[in-house]
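Quick notes on the structure that follows.
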Amino acid sequence: MTEMATQIASDLLDIEAVTFSPSQPYQWASGILAPIYTDNRKTIGFPTVRSHIADGLATLIDHEYPEATVIAGVATAGIPHAALVADRLQLPMSYVRSKPKDHGTGRQIEGQLTASDRVVLIDDLISTGGSVLQAAEAVRQAGATVLGVAAIFSYELPDSTQNFANAKTILHTLTTYSTLVEQAQKAGNMTLEEVQSLSKWREDPWHWQSN
13 MTEMATQIAS DLLDIEAVTF SPSQPYQWAS GILAPIYTDN RKTIGFPTVR SHIADGLATL
73 IDHEYPEATV IAGVATAGIP HAALVADRLQ LPMSYVRSKP KDHGTGRQIE GQLTASDRVV
133 LIDDLISTGG SVLQAAEAVR QAGATVLGVA AIFSYELPDS TQNFANAKTI LHTLTTYSTL
193 VEQAQKAGNM TLEEVQSLSK WREDPWHWQS N
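Under our numbering, think of the first position of the sequence shown as 13, with each following residue one higher.
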């Protein structure tokens, strides 16, 4: 998957789905100051990029979760990718809302899902893992088995590693923060000092300070 990781990282950088700003960091909703901002929703607007992602996720799932019977997208960003992957694998698809509907049937999970199903959840990116792990719990509450999560990108934060371990949930991604930084450096978009700052942020994002 090394070649795929490099390809997806390059794609995200090319379409500016990922931007770096070590000297003027972004503030996330969680309060974390971050030298990186990722908007993988942009990928659906680029046919070649979204095809690379769908092919990569389909290959990943075929290799890591061959017993999967349902592909589930995490609302909302994971839904289009789940649809493309389910089509490639010729598997039923469902999607999981962040919370049950407050009207009608009150469903949280839509689409094809039974208690005997073995589900792979798809999300666009993993920061702390909170939203996708909530979706995984909803699938388990519905009686199905969660084989694991497949995502486009992970920030590789210590919090996410711990959260997935606590939830006993497997995670595989197409590319990672480390690969993105490496590709950006190769493209000449960052100095060595900026790369070092980015590395320090990933190790301890809550206490990182920009230069």
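Beta carbons are placed, not taken as given, at the ideal position from N, Cα and C, and that holds for glycine.
Can you check the segment 137–190 for any alpha helix (DSSP H) of at least 4 residues that lies completely inside it and give the ranges in chain order? 142–153 and 170–178
ASN223: buried (16+ other C-beta within 10 angstroms of its C-beta) or exposed? Position 211 of the sequence shown, counted from the first residue, corresponds to residue 223. In this prediction, ASN223 has a pLDDT of 47, which is less than 50 and means its spatial position is unreliable; what the coordinates show is noted afterwards. By the 10 Å Cβ count, ASN223 comes out exposed.
Contact defined as beta carbons within less than 8 Å: I believe ALA94 pairs with ILE56. What is the distance between those atoms, to the nearest angstrom? Here residue 94 refers to the residue found at position 82 when the sequence shown is read from its first residue. Here residue 56 refers to the residue found at position 44 when the sequence shown is read from its first residue. With 8 Å as the limit, ALA94 and ILE56 do not qualify as a contact, their Cβ atoms being about 12 Å apart.
Would you decide whether HIS219 is buried or exposed? Buried here means 16 or more other CB atoms lie within 10 Å of its CB. Within the sequence shown, numbered from 1, the residue matching residue 219 stands at position 207. Exposed is the call here.
Which residue from GLU149, GLU215 and LEU210 puts its Cα closest to that of PRO37? As a position in the sequence shown, residue 37 is number 25, starting the count at 1. When only C-alpha atoms are compared, the closest one is LEU210.
Can you tell me whether THR50 is buried or exposed? The criterion is at least 16 other CB atoms within 10 Å of its CB, across all chains shown. Along the sequence shown, read from residue 1 onward, the residue named residue 50 stands at position 38. That one is buried.
My guess is that ARG53 and ASP171 are in contact by the Cβ rule of under 8 Å, so how many angstroms apart are they, rounded? In the sequence shown, residue 53 corresponds to position 41, counting from 1. In the sequence shown, residue 171 corresponds to position 159, counting from 1. Contact doesn't hold; Cβ gap of about 22 Å is too wide.
C-alpha distance - GLY123 paired with ILE65, whole-angstrom precision: If you number the sequence shown from 1, residue 123 lands on position 111. If you number the sequence shown from 1, residue 65 lands on position 53. Taking the straight line joining both Cα atoms gives about 22 Å.
If we require 4 or more residues per run, which alpha helix (DSSP H) segments fall completely within the segment 44–123? 59–76 and 91–101
Span separating the alpha-carbon of ARG152 from that of SER63: For the purposes of this step, residue 152 is identified with residue 140 of the sequence shown, where counting begins at 1. For the purposes of this step, residue 63 is identified with residue 51 of the sequence shown, where counting begins at 1. Cα to Cα, ARG152 sits roughly 30 Å from SER63.
Rank ASP67, SER166, ALA127 and GLU28 by C-alpha distance to the C-alpha of GLY155 and give the top, closest one. Against the sequence shown, residue 155 aligns to sequence position 143. Of ASP67, SER166, ALA127 and GLU28, the residue nearest in Cα terms is ALA127.
Given that a residue counts as buried once 16 or more other Cβ atoms are within 10 Å of its Cβ, and exposed if not, what is GLU206? Sequence index remark: in the sequence shown, residue 206 carries index 194 (1-based). GLU206 should be labelled buried.
I need the straight-line Cα distance from LEU186 to GLU168, nearest angstrom please. Residue numbering aside, residue 186 sits at position 174 when the sequence shown is read from its first letter. Residue numbering aside, residue 168 sits at position 156 when the sequence shown is read from its first letter. For LEU186 and GLU168, the distance between alpha carbons rounds to 12 Å.
Would you list the residues sitting across from ILE134 in a DSSP beta bridge? Taking the sequence shown and counting its residues from 1, one reaches residue 134 at position 122. ILE134 is bridged to GLY85 and ALA162.
Quick one: what's got a C-beta closer than 8 Å to ARG214's C-beta in the same chain, skipping five residues either side? Residue numbering aside, residue 214 sits at position 202 when the sequence shown is read from its first letter. Excluding positions up to five away in sequence, the list reads TYR167, GLU168, LEU169, TYR189 and SER190.
Rounded Cβ spacing between TYR107 and ALA84 (contact assumed at less than 8 Å): Start at 1 with the first residue of the sequence shown, and residue 107 comes out as number 95. Start at 1 with the first residue of the sequence shown, and residue 84 comes out as number 72. Right, their Cβ atoms sit about 6 Å apart.
Compute the beta-carbon to beta-carbon distance between LEU25 and LEU183, rounded to the nearest angstrom, for a pair I have assumed lies under 8 Å. Counting from 1 along the sequence shown, the entry for residue 25 is found at position 13. Counting from 1 along the sequence shown, the entry for residue 183 is found at position 171. Not really, about 22 Å apart at Cβ, beyond 8 Å.
Please name the residue, chosen from ALA89, GLY68 and ASP99, that lies closest to VAL82 on a Cα-to-Cα basis. As a working mapping, residue 82 is identified with position 70 in the sequence shown. Measuring from the Cα of VAL82, the nearest candidate turns out to be ASP99.
Report the option in PHE32, ILE138 and MET105 whose CA atom is closest to the CA atom of GLN197. Residue mapping note: residue 197 aligns to position 185 of the sequence shown, counting from 1. Residue PHE32 is the option with its Cα nearest to GLN197.
Reducing DSSP to helix, strand and coil, say where GLN197 ends up. Counting from one through the sequence shown, the residue named residue 197 turns up at place 185. GLN197: helix per DSSP, three-state reduction.
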